[in-house]
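Engineer:
Residue numbers (UniProt numbering): 1 to 172.
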């Protein structure tokens, strides 16, 4: 059964199909949230809230976008609500270790990765989310624009400015 059929069945109330969809997209949503929050526990909490909200509101999904985009939208909204409650997010060494297993790469790469992730936190929320969706998850400019309800030029500008900030932070 392809994703479109799974979605139709899930909307009709088939919880098994909904669970299959969640299984297909869990790691992507979780990875997206880790990059946004810089906090493993918060990411785990937000991904669970995302799946709960998607379950409770599955009948509202119109199928005009990919199911993953629907989940990313829910996760983004939950993240924004959480950010309003907190101050700036800082990546800690636990996040870095969750990305790199022991001995997988040298310390220099880990330091550069940490600097890049911290550079993400120096960006506006819109730049950070647009950059992550484009460069980590391969979303098109149009998909990102539709997700956030902005013009494609705005999305292009956000991504360009995000890249400039990362280059400046990394000395390139």
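The beta carbon of each residue, even a glycine, is placed where N, CA and C say it ideally should be. For clarity, every value in this text was computed on a predicted model and none was experimentally measured.
How would you call residue 35, buried or exposed, if buried means at least 16 neighbouring beta carbons within 10 angstroms?
Structural biologist: Translated into positions along the chain shown, residue 35 becomes position 35. So residue 35 counts as buried.
Engineer: For the region 119 to 136 against the region 153 to 169, do three or more pairs of beta-carbon atoms, one drawn from each stretch, fall closer than 8 Å, so that the two count as touching?
Structural biologist: Counting Cβ pairs under 8 Å, three or more are found: they touch.
Engineer: What's the gap between the Cα of residue 168 and the Cα of residue 152?
Structural biologist: Locating residue 168 in the chain shown gives position 168, where the first residue counts as 1. Locating residue 152 in the chain shown gives position 152, where the first residue counts as 1. If you take the alpha carbons of residue 168 and residue 152, they lie about 24 Å apart.
Engineer: For the 8 Å Cβ check, are there 3 or more pairs between the region 25 to 32 and the region 66 to 77?
Structural biologist: Yes, the region 25 to 32 is in contact with the region 66 to 77.
Engineer: Taking buried to mean at least 16 other C-beta atoms within 10 Å of its own C-beta, is residue 140 buried or exposed?
Structural biologist: Taking the first residue of the chain shown as 1, we reach residue 140 at position 140. So residue 140 ends up on the exposed side.
Engineer: Please list, in chain order, all residues of the same chain as residue 59 whose beta carbon is under 7 Å from its beta carbon, the five residues on each side excluded.
Structural biologist: Position 59 of the chain shown, counting from 1, holds the residue named residue 59. 11, listed in sequence order.
Engineer: If you reduce the DSSP assignment to three classes, tell me which class residue 151 lands in.
Structural biologist: For this step, residue 151 is matched to residue 151 along the chain shown. Residue state, collapsed to three classes: coil.
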